[in-house]
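Those protein sequence lines, which keep their order, are chains A and B.
Taking the working numbering, the leading residue of the first sequence gets 87, the next gets one more, and so forth.
Taking the working numbering, the leading residue of the second sequence gets 11, the next gets one more, and so forth.
Structure, as structure tokens:
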Amino acid sequence: AQTVTQSQPEMSVQEAETVTLSCTYDTSESNYYLFWYKQPPSRQMILVIRQEAYKQQNATENRFSVNFQKAAKSFSLKISDSQLGDTAMYFCAFDGGTSYGKLTFGQGTILTVHP
Amino acid sequence: DGGITQSPKYLFRKEGQNVTLSCEQNLNHDAMYWYRQDPGQGLRLIYYSQIVNDFQKGDIAEGYSVSREKKESFPLTVTSAQKNPTAFYLCASSPGGQGGINEQFFGPGTRLTVL
């Protein structure tokens, strides 16, 4: 079974600075997908960024980028130019390519952006 | 607008009662999922359905039941056998199918409280 670990229960950052959230996972599969979801205080889950394991290039979406290290089974999220609206809980999620879209989630990291 | 709706937003149940949480999607997705979220924790999969009239147990199915009679609807019943049902419940859907990335889209959630 796959496991996803987020070792940082809480993080904080000043507005306009950069922060990195960590995620490691364990799997025996070679083809899979990784996601970062954001859950703001409204509790609506929003997809932030996704990465296909077969792609060597790290995914980027505006201020959000990932550092995907397949051999180390690491998938960290970097948020640049942090904004107050980035305050949320962030979840790392794993989808094995043969699991019909079932996601395994990490425990989450609460990120607070301070003005 | 395409999306996922869940109702009600808040639900109160007396011990010993069954309650049904509604989930509807108009994204024409084949796959639908139910997750449970407890305070400070990640999401855990209760049930999922890849296609109409078919569904499978997730990691914590005991005390829950589902049906999938229509493509757009995937209701979840929390039965009296569920020992600790107070939680936040999230419904999601994805295009479905094996292989390829299956991004999940989430509804706004239902907060269930047992009195």
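Note that the Cβ used here is the ideal one computed from N, Cα and C, for glycine as well.
- Closest option to I14/B, judged by alpha-carbon separation, among R23/B, L125/B, Q114/B: Q114/B.
- The C-beta distance from G52/B to F177/A rounds to 6 Å, short enough to fall under 8 Å.
- Taking C-beta atoms as the reference points, R46/B and Y99/B count as a pair closer than 8 Å.
- Collapsing the DSSP output to three states places G13/B in coil.
- Going by beta carbons, F191/A and Q88/A fall outside the 8 Å limit.
- The stretch 168 to 177 of chain A and the stretch 21 to 35 of chain B do not touch, with fewer than 3 CB-CB distances between them shorter than 8 Å.
- Interface residue (Cβ-Cβ distance to chain A less than 8 Å): F65/B is not classified as such.
- Taking C-alpha positions only, Q92/A is separated from L163/A by approximately 11 Å.
- Interface flag for D181/A against chain B is set, since a Cβ pair is found closer than 8 Å.
- Linking R78/B to V90/A through their CA atoms gives a straight-line distance of about 29 Å.
- If you draw a 10 Å sphere on the C-beta of A145/A, you find 16 or more other C-beta atoms in it, and that means buried.
- Within the model, the alpha-carbon separation for D64/B versus L189/A is close to 18 Å.
- With 16 or more other Cβ atoms inside 10 Å of its own Cβ, K124/A counts as buried.
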